[in-house]
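Below you'll find the structure, written out as C-alpha cells, and then a few comments.
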Amino acid sequence: AAGVIQSPRHLIKEKRETATLKCYPIPRHDTVYWYQQGPGQDPQFLISFYEKMQSDKGSIPDRFSAQQFSDYHSELNMSSLELGDSALYFCASRQSGRYEQFFGPGTRLTVL
Amino acid sequence: AQKITQTQPGMFVQEKEAVTLDCTYDTSDQSYGLFWYKQPSSGEMIFLIYQGSYDEQNATEGRYSLNFQKARKSANLVISASQLGDSAMYFCAMREGRASQGGSEKLVFGKGMKLTVNP
Chain C
2 AAGVIQSPRH LIKEKRETAT LKCYPIPRHD TVYWYQQGPG QDPQFLISFY EKMQSDKGSI
62 PDRFSAQQFS DYHSELNMSS LELGDSALYF CASRQSGRYE QFFGPGTRLT VL
Chain Y
505 AQKITQTQPG MFVQEKEAVT LDCTYDTSDQ SYGLFWYKQP SSGEMIFLIY QGSYDEQNAT
565 EGRYSLNFQK ARKSANLVIS ASQLGDSAMY FCAMREGRAS QGGSEKLVFG KGMKLTVNP
C-alpha cells in the first residue's frame, strides 16, 4: 500500500539558512498535517491543510510557512534557521471521513 | 484543552508475554478519538490502532487491542505475545478539533513510553 512520502530524509543546514521540506500524501488523502518532534519529545502540531487551504495552525514560528498544492503535496518552508529548529519533522495525511492519520518517515533536520 | 497522560516512562517484558501500556486522557468533548502509535529507534511513526468515543466495542488490530474504559478515561494498549520487534517508543494521542465543526482533527500526543522486549 502507498504511504506518505517525505523528502529529503535528512537535511543539514547552517544557522540563518533556509530549508524546504516536501510531503506527498497517500493518494486520495485530502488533509495534510505537519508535526515537529524535538529530541526526546512528543510530536507537536505545526499546521494543517484541507483541500489546499490552511485548516489549522499550531505552535509554528513566524519564520516557517507552508502550503498545499493542487496535486495535494505540501511543502514546509523554514527560514532564518536556528539551532532549536533541529528536530524530526513529520508529515501525516488523512482521508476525509476517516480519522486515522498516517505518518511519513520524517525529515531529520540538523541545524549547525 | 485536551491532555494525554502516559505515566510509565519505560517497561520491560519477556518475549511472548502480554503487556499493557497505560494511557489516560482528559477532555470535555463527547466525541473524541484515541490513537496509539509506535516509534522504533529508526524514527518513523507507525499507526497501530484507533478507538472512537462512540465505538461500542474495543478496537483490535492483530496482536494489538485497546482496553477502552470511558468512565475512567483510560485507553490502554494491550500487546499480546510480545516480539523482539515490539521494542520501541509508544505514543498515545487524541484527535482535537472536529472536522464537522471546522476543526482539523489534529493530534495531541502524550509523552510516550519506552517498551523493551527481552529474549
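Sequence order for the protein chains is C and Y.
Going by my numbering, the first sequence opens with residue 2, and the numbers climb by one from there.
Going by my numbering, the second sequence opens with residue 505, and the numbers climb by one from there.
Where a beta carbon is used, it is the ideal one built from N, C-alpha and C, also for glycine.
- With 16 or more other Cβ atoms from the protein chains shown falling within 10 Å of its own Cβ, C:Asp-43 counts as buried.
- In this structure, the straight-line span from the alpha carbon of Y:Lys-618 to that of C:Gln-96 is close to 30 Å.
- Just so you know, the alpha carbons of C:Leu-12 and C:Ser-87 end up roughly 10 Å apart.
- Within the DSSP bridge table, the entry for Y:Leu-570 names Y:Leu-581 as partners.
- Among the bridge pairs identified by DSSP, Y:Val-523 is matched with Y:Ile-583.
- Counting the other Cβ atoms within 10 Å of the Cβ of Y:Gln-587 gives fewer than 16, which makes it exposed.
- Under the three-state reduction of DSSP, Y:Asp-590 is assigned to helix.
- Under DSSP, C:Phe-65 shares a beta bridge with C:Met-79.
- DSSP places C:Ala-2 in the coil class of the three-state scheme, outside both helix and strand.
- For Y:Asp-530, the three-state secondary structure derived from DSSP is strand.
- Here the alpha carbons of Y:Gly-537 and Y:Ser-578 stand approximately 12 Å from one another.
- Between C:Arg-99 and C:Tyr-51, the alpha-carbon positions lie close to 13 Å from each other.
- Y:Ile-508 places its beta carbon less than 7 Å from that of Y:Tyr-529.
- The DSSP-derived three-state label of C:Leu-113 is coil.
- For Y:Met-515, the closest Cβ of chain C is not nearer than 7 Å.
- DSSP, read as helix, strand or coil, puts C:Asp-86 in helix.
- Leaving aside the five residues that flank Y:Asp-590 on each side, the residues in its chain whose CB is nearer than 7 Å to its CB run, in chain order, Ile-583, Leu-619, Val-621.
- Contact annotation: in the stretch 82-95 of chain C, residues whose CB is within less than 9 Å of a CB in chain Y are Leu-89, Phe-91, Ala-93, Arg-95.
- At least one beta carbon of chain Y lies nearer than 7 Å to the beta carbon of C:Gly-107.
- Approximately 21 Å separates the beta-carbon atoms of C:Tyr-73 and C:Gln-37; this is outside 8 Å, ruling out the contact.
- Counted as a single uninterrupted DSSP element, the beta strand (DSSP E) harbouring Y:Thr-620 occupies residues 617-622.
- Per DSSP, reduced to three states, the secondary structure at C:Ala-20 is strand.
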